[in-house]
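In the numbering used here, the protein residues as written are 50 to 115.
Heads up, the beta-carbon is just placed ideally off N, CA and C, and yes, glycines get one too.
Worksheet: one structure, shown below.
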């Protein structure tokens, strides 16, 4: 089995997108993060709403003092 040496790594040509393209990618990912956050907030709101509806549907009966 052949090992990778430092000269092998230095010989690799690594390309990266232009700064403008990197900025567009970052903006796109930020937009996706915002959408994910909004959906998570919506899910939490719906869970609270469901809990409230379930509590109305099945109210807790308090015991009457004897």
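For residue 94, the three-state secondary structure derived from DSSP is helix. Going by C-alpha positions, residue 95 is about 25 Å away from residue 110. In this structure, the CA atom of residue 88 is about 11 Å from the CA atom of residue 81.
Residue 109 sits in coil when the DSSP states are folded into three classes, being neither helix nor strand.
Judged by their CB atoms, residue 74 and residue 66 are nearer to each other than the 8 Å cut-off.
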